[in-house]
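For what it's worth, numbering that gives the first Met the number 0 labels the leading residue of the sequence shown as 0, then goes sequentially. For every residue, glycine included, the Cβ atom is placed at its ideal position computed from N, Cα and C. Given the structure is predicted, the values throughout are model-derived calculations rather than measurements. Accompanying notes for the structure given below.
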Amino acid sequence: MTAVLITGTPGTGKTTVSRIVAEKLETSLLAVNDLVDEKHIYNEIDAEKGYKVVDLDTLLNEIKIIVENSDKDHIIVEGHLAHEFSSDVVDMVIVLRARPDILRKRLNKRGWSDSKVYENLEAEALDICTFEAVEIHGKKVNELDTSDINVEEVADIVIEIINYKKHFPPGNLNFLEELYGI
Numbered sequence: 000m001t002a003v004l005i006t007g008t009p010g011t012g013k014t015t016v017s018r019i020v021a022e023k024l025e026t027s028l029l030a031v032n033d034l035v036d037e038k039h040i041y042n043e044i045d046a047e048k049g050y051k052v053v054d055l056d057t058l059l060n061e062i063k064i065i066v067e068n069s070d071k072d073h074i075i076v077e078g079h080l081a082h083e084f085s086s087d088v089v090d091m092v093i094v095l096r097a098r099p100d101i102l103r104k105r106l107n108k109r110g111w112s113d114s115k116v117y118e119n120l121e122a123e124a125l126d127i128c129t130f131e132a133v134e135i136h137g138k139k140v141n142e143l144d145t146s147d148i149n150v151e152e153v154a155d156i157v158i159e160i161i162n163y164k165k166h167f168p169p170g171n172l173n174f175l176e177e178l179y180g181i
């Protein structure tokens, strides 16, 4: 049994793409945000931004238990914290990315505050999820730009990555210029 971690900044398509991939591969899907809510794995809610302050140690332990007890060949672990899960059963990490202009539209549709949207745009421009994923998982990381392709196409590419038919090494995307003019 191996785990495929699908991560990225909120709004990059993780949840929708992961559902499609899990369905097409007929495998299990572990949605990290759902797990956090179901098991109440957070200490508080940030009053200013509305974020849950997640108990990361408890979350990672819960993920480990679920992954190790899965009866499928693969399990998809999806969420912006998914890349934090480190285990010898992690087969690969796929970081979904999106240009700030696209991401802004997606996050504004959610009705998020301007400060929350901008914080996520900064995280995306600074490659936070990719950086952290590479720091933890090294060469197991793929980085895929979802800006100009629909979710079905993204899901098909993710399946090709899972089947080792494609590889998108991190470091080829730079959204700093778009956000900061750098």
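Next on the checklist: Here's the rule I'm using: 16 or more other beta-carbon atoms within 10 Å means buried, otherwise exposed. How should residue 103 be labelled?
Outcome noted: Taking the sequence shown and counting its residues from 1, the one referred to as residue 103 is at position 104. Classification of residue 103: buried, given that the 10 Å Cβ count is 16 or more.
Checklist entry - Does the distance from the C-beta atom of residue 92 to that of residue 4 stay below 8 Å? => result Walking along the sequence shown from the start, residue 92 turns up at place 93. Walking along the sequence shown from the start, residue 4 turns up at place 5. In this structure, residue 4 lies closer than 8 Å to residue 92 by Cβ.
Checklist entry - In the structure shown, what three-state DSSP assignment does residue 93 receive? => result Here residue 93 corresponds to residue number 94 of the sequence shown, with the count starting at 1. The DSSP-derived three-state label of residue 93 is strand.
Next on the checklist: For a quick check, are the C-beta atoms of residue 150 and residue 128 less than 8 Å apart?
Outcome noted: Indexing the sequence shown from 1 puts residue 150 at position 151. Indexing the sequence shown from 1 puts residue 128 at position 129. With a cutoff of 8 Å on beta-carbon distance, residue 150 and residue 128 are scored as not near each other.
Checklist entry - Which two residues bound the contiguous alpha helix (DSSP H) that contains residue 27? => result If you number the sequence shown from 1, residue 27 lands on position 28. Premise fails: residue 27 lies in the beta strand (DSSP E), 27 to 30, not in any alpha helix (DSSP H).
Next on the checklist: Give me the DSSP bridge partner(s) of residue 75.
Outcome noted: Here residue 75 refers to the residue found at position 76 of the sequence shown. Residue 75 pairs with 3, 28.
Item to check | Host beta strand (DSSP E) of residue 144 (start-end) | outcome: The residue given as residue 144 occupies position 145 in the sequence shown. Boundaries of the beta strand (DSSP E) harbouring residue 144: 140 to 144, taken from the DSSP string.
Checklist entry - Span of the beta strand (DSSP E) holding residue 121? => result The residue you call residue 121 lines up with position 122 of the sequence shown. Counting along the chain, residue 121 falls outside any beta strand (DSSP E), though it belongs to the alpha helix (DSSP H) covering 113 to 124.
Next on the checklist: Could you check whether the stretch 55 to 74 touches the stretch 98 to 113, counting it as contact only if at least three pairs of C-beta atoms, one from each stretch, sit closer than 8 Å?
Outcome noted: No, they do not touch.
Item to check | Candidates 156, 174, 120, of which the one nearest residue 167 by Cα | outcome: Sequence index remark: in the sequence shown, residue 167 carries index 168 (1-based). Of 156, 174, 120, the residue nearest in Cα terms is 156.
Checklist entry - Which word fits residue 39, buried or exposed, when buried means at least 16 other C-beta atoms lie within 10 angstroms of its C-beta? => result Along the sequence shown, read from residue 1 onward, the residue named residue 39 stands at position 40. Using a 10 angstroms sphere on the CB of residue 39, the tally of other CB atoms stays under 16, which defines it as exposed.
Checklist entry - Can you give the beta carbon distance from residue 83 to residue 59, rounded, assuming they're within the 8 Å contact cut? => result As a working note, residue 83 is residue 84 in the sequence shown. As a working note, residue 59 is residue 60 in the sequence shown. Your pair residue 83 and residue 59 checks out as a contact, with CB atoms roughly 6 Å apart and the cut at 8 Å.
Next on the checklist: Within 10 Å of its beta-carbon, does residue 170 have 16 or more other beta-carbons around it, so buried, or fewer, so exposed?
Outcome noted: For this step, residue 170 is matched to residue 171 along the sequence shown. Within 10 angstroms of the beta-carbon of residue 170 lie fewer than 16 other beta-carbons, which makes it exposed.
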